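Keeping their order, the protein sequence lines are chains P and G. Letter by letter, the first sequence follows residues 1 to 347 in full-length UniProt numbering. Letter by letter, the second sequence follows residues 1 to 341 in full-length UniProt numbering. C-beta atoms are modelled at their ideal positions from N, C-alpha and C, and glycine is treated no differently. Just so it is clear, the structure is predicted and the values come from calculations on it, not from any experiment. Please read the structure below before turning to the comments.
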Amino acid sequence: MRVAVIGAGVIGLSTALRIHEQYHSLVPSLEMKIYADRYTPHTTSDGAAGLWQPYLSDHGNLQETLWNKETFDYLLGHLGSPAAKEMGLFLISGYNLFTQPVPDPPWKNIVLGFRKLTPKELELFPGYSYGWFNTALMLECRRYLPWLTKRLTQRGVKFFHKKVGSFQEMFAQGVDVVINCTGVRAGELQPDPELQPGRGQVIKVLAPWVKHFIITHDIKSGIYTSPYVIPGSEFTVLGGIYQHGNWNEENSAQDHKTIWESCCRLLPALQEAKIVEEWSGLRPARPCVRLERESIHHGHFQAEVIHNYGHGGFGITIHWGCAMAAARLFGTILQEKKLISPPQTRL
Amino acid sequence: MAAPKVAVVGAGVIGLSTALCITETCPSCSVTILSEQFSPNTTSDVAAGMLIPHTYPGTPTHVQKQWFKETFTYLFAINNSPEAPEAGIHLVSGWQVFKNTPKEELPFWSDVVLGFRTMSEAELQKFPQHRFGQAFTTLKCDCPPYLLWLEKRLKASGVQMYTRKVADLWELHREYHIVVNCAGIGAHQLVGDEKLFPVRGQVLKVHAPWVKNFIRDGDGLTYIYPGIHRVTLGGTREKENWSLTPDSSTTKDIFDRCCSFEPSLQGAQDIKVKVGLRPSRQCVRLQREVWSQGGVKLPVVHNYGHGAGGFSVHRGTAKEAARLVGECIAALQGSSSKAKL
Numbered sequence: 001m002r003v004a005v006i007g008a009g010v011i012g013l014s015t016a017l018r019i020h021e022q023y024h025s026l027v028p029s030l031e032m033k034i035y036a037d038r039y040t041p042h043t044t045s046d047g048a049a050g051l052w053q054p055y056l057s058d059h060g061n062l063q064e065t066l067w068n069k070e071t072f073d074y075l076l077g078h079l080g081s082p083a084a085k086e087m088g089l090f091l092i093s094g095y096n097l098f099t100q101p102v103p104d105p106p107w108k109n110i111v112l113g114f115r116k117l118t119p120k121e122l123e124l125f126p127g128y129s130y131g132w133f134n135t136a137l138m139l140e141c142r143r144y145l146p147w148l149t150k151r152l153t154q155r156g157v158k159f160f161h162k163k164v165g166s167f168q169e170m171f172a173q174g175v176d177v178v179i180n181c182t183g184v185r186a187g188e189l190q191p192d193p194e195l196q197p198g199r200g201q202v203i204k205v206l207a208p209w210v211k212h213f214i215i216t217h218d219i220k221s222g223i224y225t226s227p228y229v230i231p232g233s234e235f236t237v238l239g240g241i242y243q244h245g246n247w248n249e250e251n252s253a254q255d256h257k258t259i260w261e262s263c264c265r266l267l268p269a270l271q272e273a274k275i276v277e278e279w280s281g282l283r284p285a286r287p288c289v290r291l292e293r294e295s296i297h298h299g300h301f302q303a304e305v306i307h308n309y310g311h312g313g314f315g316i317t318i319h320w321g322c323a324m325a326a327a328r329l330f331g332t333i334l335q336e337k338k339l340i341s342p343p344q345t346r347l
Numbered sequence: 001m002a003a004p005k006v007a008v009v010g011a012g013v014i015g016l017s018t019a020l021c022i023t024e025t026c027p028s029c030s031v032t033i034l035s036e037q038f039s040p041n042t043t044s045d046v047a048a049g050m051l052i053p054h055t056y057p058g059t060p061t062h063v064q065k066q067w068f069k070e071t072f073t074y075l076f077a078i079n080n081s082p083e084a085p086e087a088g089i090h091l092v093s094g095w096q097v098f099k100n101t102p103k104e105e106l107p108f109w110s111d112v113v114l115g116f117r118t119m120s121e122a123e124l125q126k127f128p129q130h131r132f133g134q135a136f137t138t139l140k141c142d143c144p145p146y147l148l149w150l151e152k153r154l155k156a157s158g159v160q161m162y163t164r165k166v167a168d169l170w171e172l173h174r175e176y177h178i179v180v181n182c183a184g185i186g187a188h189q190l191v192g193d194e195k196l197f198p199v200r201g202q203v204l205k206v207h208a209p210w211v212k213n214f215i216r217d218g219d220g221l222t223y224i225y226p227g228i229h230r231v232t233l234g235g236t237r238e239k240e241n242w243s244l245t246p247d248s249s250t251t252k253d254i255f256d257r258c259c260s261f262e263p264s265l266q267g268a269q270d271i272k273v274k275v276g277l278r279p280s281r282q283c284v285r286l287q288r289e290v291w292s293q294g295g296v297k298l299p300v301v302h303n304y305g306h307g308a309g310g311f312s313v314h315r316g317t318a319k320e321a322a323r324l325v326g327e328c329i330a331a332l333q334g335s336s337s338k339a340k341l
């Protein structure tokens, strides 16, 4: 049973690991290979600050809220383990700020200690009249992706630095199942007009006195168009750019100015912060995550693709729930091929 | 009296902040700081500088609350200014957890800190041995930065600072009109205060920049306080122990206790061990006296004995001490005008 995972961002690596952990002992013939044209630290995931936080509304996608919860609970369970530091996983508290009251988010009971801000806390943020405080998690991909890579390598999974041109290319090599985790460029393997880049830019600074995340919201302009400050284990990430349909991965001087000025207005002390790095990336935006199976006929054979892409700006937040769902789809394929037995029905 | 000369003995957080308050309330005063130690070698430099009050059994609660509130308000304003990082002031959120529910679920300071509330069951799961907890956001004064920032402001106000071991406050009566005693634990010897005793605290200052929240055991013995560059792990409370030498078995014990709260601390790097003697007393000695010897009078204002809570009340007590200095000046001016009659 040959499996090829295309894509080595947080989605590709976690899906690969989940599938291998769940099925390799049941299917010893399982041979997994990972193909990607970019590896850490050059993936989209690496540029993200790593804060676990879904969008403000799930637009009725309850499935996504469930996957977010599964991811949070899974990560929370790992906090106390010795691996946490190596994974880049830690707890962090912080603020979400608004200029008007808003409904509570669907994730209010997933995070820890969710509550509204008190008037005195709002004094910290002139211009904002409403907000939330909660404790969430950080998962820094610059550590998490190497950690996943190490686990996969230990399991004998092989990595290839290669841009895959088509699913057919994989099937021609004898791959039975392709796991498509190609993120924003999934359209190059199979056109998907619903998938668009949500361009973001961030400035990484040294500001170790910042211990909270601060995310402001401009309800009218949309997610990530308003300044945010997210402290990591080494650097603090300043951001607030979301440009739908913009494929440009070059840093923009105008966006730099927007981020810098708006973040310094939010936290005047940032003016003292030393700028260390600037980065742009393309969030793989889609109205909903594409997580589904597709059977593709390849000559006489039926080959399978499991799609797992389109996680927008919440890939880290949702990754493990999606990895588990993709693994379940994989399990179904194994059952159909009679490589594993279906779950026993209880009499 | 044109320019009253005031000597402040002690250059920890109490001495420096008291001197600063005196320059604010009495701009005509000439203030000089005399201390055996300056930052980074004061007791204050060892402390984490967390604004979480310690209770003084001998001081009325409303007074302690007033001191804390004044201090919190003062630091809150610095926190919101661009000077915050230089001053070492930052906000930090976290949890205080108790193995057994405390008698007082709402401490007197709960409405001064930000967002104080009882922890939820889900949050308590992170602390399986603890049954009750409080979550809140407070301020932290990192030292040395805060002391250095105070020194900078003092110098800008024309305050002189000298390294000098004052053995007896009387030494100062020829050069100064008023003496302010902020000698901390040094007051035991300096003014012979038998009611003042050390409570030895050993701490570890480690590099663990992923720790963003504080954790404190309600018994006050185990705590994890993330500062700007280092996390302070503590601690001990050893009454009447005068030793400033780090103890290695204590180091291991502190580290183990903190790791049981926060396992990721196993990965902490560059562990530095420090010891400080909390200048402890039933109540802060905040009063003025007039010393007399052979016809000479020396007004003395005491501001020492803050124990485990110096940072939490420093500004409030400094303001009160400055007010007492004002009373001393008024008394001196009154008596000098009497002398003219």
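A Cβ of chain G is located within less than 9 Å of the beta carbon of P/T118. Within the model, the alpha-carbon separation for P/D58 versus P/N109 is close to 14 Å.
Under DSSP, P/K120 forms no beta bridge with any residue.
Secondary structure within the stretch 206 to 291 of chain P: the beta strand (DSSP E) runs of 3 or more consecutive residues, fully enclosed, are 212 to 216, 228 to 231, 236 to 239 and 274 to 285 (chain order).
Close to chain G, meaning a Cβ-Cβ distance shorter than 9 Å, are the following residues of the stretch 69 to 99 of chain P: L76, L79, G80, S81, P82, A84, K85, E86, G88, L89, F90, L91, I92, S93 and G94. Along the stretch 90 to 109 of chain G, the positions whose C-beta sits under 7 Å from a C-beta of chain P are H90, L91, V92 and S93, read in chain order.
In this structure P/W260 is buried. Its beta-carbon is surrounded by 16 or more other beta-carbon atoms within 10 angstroms. Using a CB distance cut-off of 9 Å, P/Q22 does not count as an interface residue toward chain G.
If you look at G/P299, you'll find it in the beta strand (DSSP E) that goes V296 to Y304. Exclusion of the five residues before and after G/R153 leaves L20 as the residues of its chain whose Cβ lies within less than 7 Å of its Cβ. Separation of the CB atoms of P/S252 and P/G240 is rounded to 13 Å, and the pair is thereby denied contact status at 8 Å. Counting along the chain, P/H307 sits inside the beta strand (DSSP E) bounded by residues F301 to Y309. A direct Cα-to-Cα measurement between P/F213 and G/V92 gives close to 11 Å. Identification of chain G residues near P/R115 by a Cβ-Cβ cut-off of 8 Å yields G115 and R117, ordered along the chain.
Under the three-state reduction of DSSP, P/D192 is assigned to coil, being neither helix nor strand. As summarised for the stretch 121 to 150 of chain P, the continuous beta strand (DSSP E) elements at least 3 residues long and confined to that stretch are 130 to 139, given in chain order. The continuous alpha helix (DSSP H) containing G/N79 extends over residues T61 to N79. Between G/V296 and G/V180 the beta-carbon gap is near 18 Å, outside 8 Å, which marks them as no contact.
Contact between the stretch 282 to 292 of chain P and the stretch 83 to 97 of chain G is absent, with fewer than three C-beta pairs closer than 8 Å.
Neighbourhood of P/K211 in chain G, by CB distance below 8 Å: H90, L91, V92, S93, K212, N213 and P226, in chain order.
For the options G/P27, G/A84, G/H229 and G/E70, the alpha carbon positioned closest to that of G/V159 is the one of G/P27. The beta carbon of G/G220 does not come within 9 Å of any beta carbon belonging to chain P, so the residue lies off that interface. Under the three-state reduction of DSSP, P/A326 is assigned to helix.
Taking P/R143 as the centre and dropping the five residues before and after it, the same chain places the C-beta of E86, M87 and G88 closer than 7 Å to its C-beta, in chain order. Between the stretch 30 to 43 of chain P and the stretch 142 to 156 of chain P there are three or more inter-stretch CB-CB distances shorter than 8 Å, so the stretches are counted as touching. Taking a Cβ-Cβ threshold of 7 Å, the residues of chain G close to P/S233 are P209 and W210, in chain order. The beta carbons of G/C258 and G/Y223 sit closer together than 9 Å. Between the C-alpha atoms of P/I203 and P/C263 there is a straight-line separation of about 10 Å. The CB of G/Q269 never comes closer than 8 Å to any CB in chain P; the least such distance is about 10 Å.
Against chain P, the CB of G/E123 has a partner CB under 9 Å away; the residue lies at that interface. Straight-line measurement puts the Cα of G/G307 at about 16 Å from the Cα of G/G234. At a beta-carbon threshold of 7 Å, the residues of chain P lying near G/A84 are W209 and A269, ordered along the chain. Under the three-state reduction of DSSP, G/Y223 is assigned to strand. Contact with chain P is found for G/T137, since one of that chain's Cβ atoms lies less than 9 Å from the residue's Cβ.
Between P/K220 and the set P/Y35, P/Q100 and P/V229, the nearest pair of CA atoms involves P/Q100.
About 6 Å separates the CB atoms of P/H256 and P/E278; that is less than 8 Å, so the two are in contact.
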